[in-house]
Amino acid sequence: MTRFPGHEGWDAYSRKEDDLNLPIRSDEHETTNTKMDPGFGDATPATRFELPPLPFEPDALAPHISPRTLSFHYEKHHKGYLDKLHAAIEGTPRAKMDVEEIIRTADGAVFNSAAQVWNHSFYWHSLSPKGGGQPDAPLRDALAAAFGSVDAFRRAFAEAALGEFGSGWAWLVLDDEERMRVISSSDAENPLQSGQTPLLTLDVWEHAYYLDYQNERNRYVENFLDHLINWEFLRANLEKARGVEARPTADA
Ligand SMILES: [Fe+2]
13 MTRFPGHEGW DAYSRKEDDL NLPIRSDEHE TTNTKMDPGF GDATPATRFE LPPLPFEPDA
73 LAPHISPRTL SFHYEKHHKG YLDKLHAAIE GTPRAKMDVE EIIRTADGAV FNSAAQVWNH
133 SFYWHSLSPK GGGQPDAPLR DALAAAFGSV DAFRRAFAEA ALGEFGSGWA WLVLDDEERM
193 RVISSSDAEN PLQSGQTPLL TLDVWEHAYY LDYQNERNRY VENFLDHLIN WEFLRANLEK
253 ARGVEARPTA DA
């Protein structure tokens with residue numbers, strides 16, 4: 013697994029993007045020597061205060077998500093939220109909480125920073141260079157049971173991603189009755205707040221796609237569903253949430 017930054021190809025991307033002087037908010041340009049956490053890499057949500065390594069190479073998602081977008085999104089936006097969270101909780105009782113506990117108990121700026129840290133960590137793992145296509149049989153059956161078919165799930169997810177009016181997220185969640193549902197959230201909102209279990213997410217803030225797609229959020233969403241959606245991450249999260257195994261079967 014590649015650890016970012018530090019990958020020899022990553023500095024070149026970073027220097028190139030810094031030279032572009034694109035209009036990223038100044039408060040998200042903060043940089044610190046944030047400790048890298050090598051432990052995030054399975055279906056476990058981010059609960060630590062370190063920036064998790066990205067689970068793919070800088071150019072692994074191209075052409076659907078470019079290294080340029082990835083550089084800004086990860087190094088500026090995600091890291092910026094983490095830096096803000098550090099600054100807000102340092103020396104307070106929240107410094108001893110994990111990110112999920114802060115999400116469930118905080119509001120205002122502290123909540124926004126904590127939720128955006130968690131949401132982005134979860135988002136990176138919802139993407140895969142080997143994603144897209146059709147899920148294996150057990151997951152296909154689970155989606156069909158919940159939505160009617162995999163295509164119906166895709167339509168529902170796309171509708172949620174495109175229907176979110178401003179900045180936000182599209183989610184596949186397990187609700188408190190263990191039913192899979194597609195929802196959207198605004199700004200930093202996270203399904204954990206309402207007792208739902210996130211299974212998959214797509215960032216639909218403009219910073220996630222604008223450099224590659226400009227105003228065409230629909231193409232970003234279509235390419236996510238066609239080429240990047242990480243069925244394995246979804247399956248692992250579903251197994252964990254339901255406490256059962258949905259391993260691929262012989263006909264998968
Ligand atoms: Fe984002």
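Count the sequence shown with my numbering and you get residues 13 to 264, in order. Ideal Cβ placement from N, Cα and C applies to all residues, glycine included.
What number of angstroms, rounded off, separates the C-alpha of residue i from the C-alpha of residue j?
i	j	result
D188	E171	23 Å
F177	D199	10 Å
D71	S78	7 Å
Q128	F134	10 Å
R191	A158	7 Å
A99	A121	11 Å
T46	S161	With a pLDDT of 29 at T46, under the threshold of 50, the predicted position of this residue should be treated as unreliable, and no value is reported.
H41	P67	The predicted model places H41 with a pLDDT of 32, which falls under 50 and marks its position as unreliable; any figure quoted below should be read in that light. When rounded, the distance between both Cα atoms is 23 Å.
A154	I115	29 Å
G180	N202	10 Å
S125	L94	7 Å
G143	I241	5 Å
E87	R229	22 Å
A253	L204	13 Å
Can you tell me which residues form a DSSP beta bridge with residue i?
i	result
W181	S197, D215
I241	L139
T209	L186
M109	DSSP, once it has assigned bridges, lists no residue as partnering M109.
Cβ atoms of residue j and residue i: under 8 Å apart, would you say?
i	j	result
H219	H76	no
L246	L151	yes
L73	K91	no
A173	V216	yes
L237	L211	no
W243	T213	no
V111	W130	yes
What's the call for residue i, buried or exposed, on a 16-neighbour Cβ count within 10 Å?
i	result
S138	buried
K96	buried
S140	buried
N227	exposed
P265	Residue 265 is absent from the model: the chain starts at 13 and stops at 264.
G175	exposed
N266	Residue 266 lies beyond the range of the chain shown here (13 to 264); nothing can be said about it.
S206	exposed
G103	exposed
K108	exposed
T209	buried
Any heavy atom of ligand 1 nearer than 6 Å to the CB - residues listed: Neighbourhood of ligand 1, defined by CB distance below 6 Å to any of its heavy atoms: H85, H89, H132, D215, W217, H219, A220, in chain order.
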